[in-house]
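Remarks on the structure that follows.
Chains as they are written, first to last, in the working numbering: chain A, 3 to 195; chain B, 3 to 195.
Set out below in C-alpha cells:
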C-alpha cells in the first residue's frame with residue numbers, strides 16, 4: 003500500500019525492565035475521556051491482557067461500546083451499572099437509587115481487585131459519581147491503595163478529586179476547545195455514544 | 003451482578019434526526035489522543051460501522067492496537083505508514099524518508115475518502131506530521147473539505163494547526179497534568195503502546 007515510502011528496516015518491541023501497574027486519571031470537560039479508556043482496552047487486548055470495565059452511572063442509554071466489546075476476541079468484559087446521569091434534566095431516578103447502583107459498582111470494583119480479575123480495570127465515570135456523592139472519597143482512595151502492583155487502573159470522568167490526582171501516576175485533563183453540540187449538532191452514533 | 007441497585011426501567015436508544023459526519027481533532031501534549039480515537043473506533047464497531055485507521059509516523063515500534071484491531075469481528079483496518087517520530091533521538095531516518103512515507107499516507111487518505119472507504123476514518127498523528135512538514139497544510143485542508151457529508155474524520159496529534167481547528171466540529175485538547183514517565187516509570191504495554 004505504501005508506494006514511494008518504504009517500511010522501516012525493523013520493528014522494535016518495547017519491553018520495560020520493570021513492569022508496573024499504573025493508576026491513570028482521565029478528567030476534564032472535553033470529549034474523549036471514556037473513549038481514551040476504551041482505546042487503552044483495545045490496546046491492552048492486543049497485548050493479550052485481560053480487561054474489565056465498570057461503567058458508573060451509565061446504563062440507561064445504549065452506547066456503541068456495549069456491542070463493540072462483544073465483538074472483540076479477547077478477554078474483555080463491560081458492566082454498565084447505572085441509571086443515567088444523576089440530577090440531569092429528564093432523568094427520572096432519585097439520588098438514592100443512583101447511590102445504590104454506584105455502591106454496587108464500587109463493591110464490584112473492590113471484589114474484582116481482590117479477585118485479581120484482570121490486567122486493566124476501567125472505572126468509567128467514577129469521578130462524576132464521586133462528585134455527586136454516589137460513592138465516597140474513602141471508598142475510591144481505598145481501591146487505589148489496595149490495587150495490586152501490576153494492575154492498571156483507569157478512572158474517568160469530570161472533576162477528578164485532588165486526592166485521587168495526587169495518588170495517580172498519569173493524569174490527563176481533556177479540555178473542550180469546540181464541541182459539535184454547541185452548534186446544535188445532535189449526538190452521533192459511533193462518535194458520541 | 004447488581005445486588006442492591008436495580009436496572010433502569012428502560013434503555014433508550016438515541017437516534018439523531020439528522021445524521022452528520024463530524025470532523026474531530028484530538029490534540030494537546032497529554033496522554034490519550036490516539037487512544038481516544040481508538041475508543042471511538044471500538045464504539046463505531048458496536049454500531050456496525052466501517053472503520054479505517056491510518057497511522058502517520060508510527061510503524062517502527064510495535065503497538066498493541068495493531069493486534070487489538072485484528073481481534074475485532076468487525077470491518078476495521080489499520081495501516082501504520084511511518085518510520086517513527088521524525089527528528090527524535092535515536093530515529094535513524096532522514097526527514098526526506100519520513101516525508102515520502104507521510105506523502106503516501108496522505109495519498110492513501112485521499113483515495114479512501116474518494117472511494118467511500120468507511121464511516122469513520124482516523125488519521126492518527128497527522129497533526130504532528132503537519133508540524134514537521136511531512137505533509138502540507140493544503141493537503142490536510144483538502145481532505146477536510148472533500149470529506150463526504152456522512153464520513154466521520156478524526157485527526158490526532160500534538161499542536162493541531164489553527165486552520166484545522168477552525169474547520170473541525172469538535173476539538174479537544176488533552177493536557178498533561180501528570181505523566182508516569184516523569185517519575186522515570188518506563189512505558190508499559192497496554193497503556194503506553
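Even for Gly, the Cβ is constructed at its ideal location relative to N, Cα and C. Remember, predicted model here, so these are calculated numbers, not experimental data.
Hey, residue 122 of chain A and residue 67 of chain B: beta-carbon distance below 7 Å or not? Not closer than 7 Å, so no.
Check whether the segment 100 to 108 of chain A and the segment 123 to 137 of chain A are in contact - that is, three or more C-beta pairs closer than 8 Å. The segment 100 to 108 of chain A is in contact with the segment 123 to 137 of chain A.
Measure from the C-beta of residue 173 of chain A to each C-beta in chain B and report whether the shortest distance is under 7 Å. yes
Which residues in chain A have a C-beta closer than 9 Å to the C-beta of residue 115 of chain B? List them in chain order. Neighbours of residue 115 of chain B on chain A: none; closest Cβ ~15 Å, over 9 Å.
Would a C-beta distance cut-off of 7 Å place residue 46 of chain A and residue 192 of chain B closer than the cut-off? Yes, they are a contact pair.
Just to confirm my understanding: we take residue 181 of chain B, look at its own chain, exclude 5 residues before and 5 after, and list those with CB closer than 7 Å. What are they? 33
Grouping DSSP H, G and I as helix and E and B as strand, with all else coil, what is residue 99 of chain A? helix
For the segment 151 to 171 of chain A, enumerate the residues whose C-beta is nearer than 8 Å to any C-beta of chain B, in chain order. 154, 167, 170 and 171
Kindly indicate which residue of B/50, B/28 and B/64 has the alpha-carbon position closest to the one of residue 16 of chain A. The shortest Cα separation from residue 16 of chain A among B/50, B/28 and B/64 belongs to B/64.
In chain B, which residues lie less than 8 Å from residue 121 of chain A when you measure between Cβ atoms? 192
CB contact below 7 Å: residue 76 of chain A versus chain B: yes
Are the segment 88 to 103 of chain A and the segment 152 to 162 of chain A touching, with three or more C-beta to C-beta distances below 8 Å? Contact between the segment 88 to 103 of chain A and the segment 152 to 162 of chain A is absent, because fewer than three Cβ pairs lie under 8 Å.
Looking at the unbroken alpha helix (DSSP H) that takes in residue 67 of chain A, where does it start and where does it end? 66 to 72
Contacting residues, own chain, Cβ-Cβ under 7 Å from residue 103 of chain B (five flanking each side not counted): 83, 84 and 85
In the DSSP output, what is residue 177 of chain A paired with across the bridge? B/175
What does residue 82 of chain B pair with, by DSSP beta-bridge criteria? Beta-bridge analysis with DSSP links residue 82 of chain B to B/57.
At the 7 Å Cβ level, is residue 195 of chain B part of the contact set with chain A, yes or no? yes
Please list the partners that residue 144 of chain B has in chain A, where partner means a Cβ-to-Cβ separation under 8 Å. Neighbours of residue 144 of chain B on chain A: none; closest Cβ ~18 Å, over 8 Å.
Alpha carbon of residue 164 of chain B to alpha carbon of residue 187 of chain A, nearest angstrom: Linking residue 164 of chain B to residue 187 of chain A through their CA atoms gives a straight-line distance of about 22 Å.
I'd like to confirm something about residue 46 of chain B: is its beta-carbon nearer than 6 Å to some heavy atom of the ligand GDP, or not? Ligands in the displayed structure: none, and consequently the ligand GDP is not present.
Inter-residue Cα distance where the pair is residue 95 of chain A and residue 60 of chain A: Answer to the nearest angstrom: the Cα atoms are 13 Å apart.
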